[in-house]
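Report on the structure given below.
Residue numbers (the numbering used here): 166 to 427.
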């Protein structure tokens with residue numbers, strides 16, 4: 166089948182297949198995917214471990230069909246709201262949360278996170294804790310001034326957003342606007358935990374090619390500051406030199422923690 170280029174968000178609704186995307190998260194099958202996943206999971210663990218970020222409500226912006234980004238946070242927040250733009254991704258999330266047939270097997274990833282926390286054998290307890298903590302799965306569109314409408318939620322103590330800005334925003338101006346929209350979902354001095362890839366122009370989901378907005382470090386830091394955030398932590402890693410992955414052209418990874426400035 167010929168590649169189909171994504172140029173507008175509606176293409177995600179039509180062409181983004183969550184089961185194909187989940188191939189990225191099968192540990193041990195692709196060294197570059199494993200490197201990306203390990204980088205993120207280690208920093209999520211460091212951010213949400215005892216003495217780190219905690220609170221009542223965390224909202225995950227653009228969850229996709231994945232739960233790995235929430236495995237550490239579910240220990241530190243009483244309630245998590247997952248969100249995504251596409252119906253299929255939200256259904257795939259619900260499938261895992263409700264233990265429905267055909268749900269993706271996250272257990273290798275959960276075991277890795279539990280190992281980081283010092284208790285690999287408690288992976289089943291971790292899965293159940295996350296299922297209890299995720300209270301809703303909502304529609305989200307960060308290009309809208311009110312990304313979660315029509316839902317009305319209290320301001321969150323923390324937002325997570327992973328690989329969302331570069332996928333959803335067609336221009337750098339739209340990215341700045343999206344950061345302003347996300348800021349309105351946070352309590353004063355609440356935290357934004359943002360991560361993704363640098364300079365990505367495309368990524369593959371199965372045989373579909375999706376465009377991405379290439380984010381550079383200088384732009385990202387300036388845009389956060391301009392939209393009312395103070396950056397507290399920035400971690401970076403270059404794409405490993407050995408091997409190649411034709412499923413994306415990102416040049417590096419970032420993980421940052423910012424606080425809403427008031």
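Glycine residues also receive a C-beta, built at the ideal position from the N, C-alpha and C atoms.
Ranked by Cα distance from residue 339, the first of 380, 327, 365 is 380. Cβ-Cβ distances below 6 Å link residue 309 to nothing in the same chain once the five nearest sequence neighbours on each side are left out. Cβ-Cβ distances below 7 Å link residue 398 to 421, 422 in the same chain, with the five nearest sequence neighbours on each side left out; the list follows chain order. For residue 228, the number of other beta carbons within 10 angstroms of its own is at least 16, and it is reported as buried. Under DSSP, the beta-bridge partners assigned to residue 368 are 375, 413. Excluding its 5 nearest sequence neighbours in each direction, residue 243 has C-beta neighbours in its own chain below 6 Å: 221, listed in chain order.
Rounded to whole angstroms, the separation of the alpha carbons of residue 266 and residue 359 is 32 Å. Rounded to the nearest angstrom, the Cβ distance from residue 354 to residue 392 is 15 Å, too far for a contact under 8 Å. Straight-line spacing of the CA atoms in residue 281 and residue 396 works out to 25 Å. In terms of Cα proximity to residue 403, the closest of 418, 425, 239, 213 is 418.
With fewer than 16 other beta carbons inside 10 angstroms of its own, residue 286 counts as exposed.
DSSP, read as helix, strand or coil, puts residue 285 in helix. Residue 356 is bridged by DSSP to 323, 424. Judged by DSSP secondary structure, residue 184 falls within the alpha helix (DSSP H) whose first and last residues are 183 to 186.
For residue 175, there is no enclosing beta strand (DSSP E); the enclosing alpha helix (DSSP H) has its first and last residue at 175 to 180. Within the same chain, 226, 307, 312, 324, 326, 357 come within 8 Å of residue 347 by CB-CB distance, once the 5 residues on both sides are set aside. Close CB contacts of residue 275 within its chain, under the 7 Å cut and outside five residues either way in sequence, are with 236, 288, 291, 292 (chain order). Within the DSSP bridge table, the entry for residue 245 names 223, 299 as partners.
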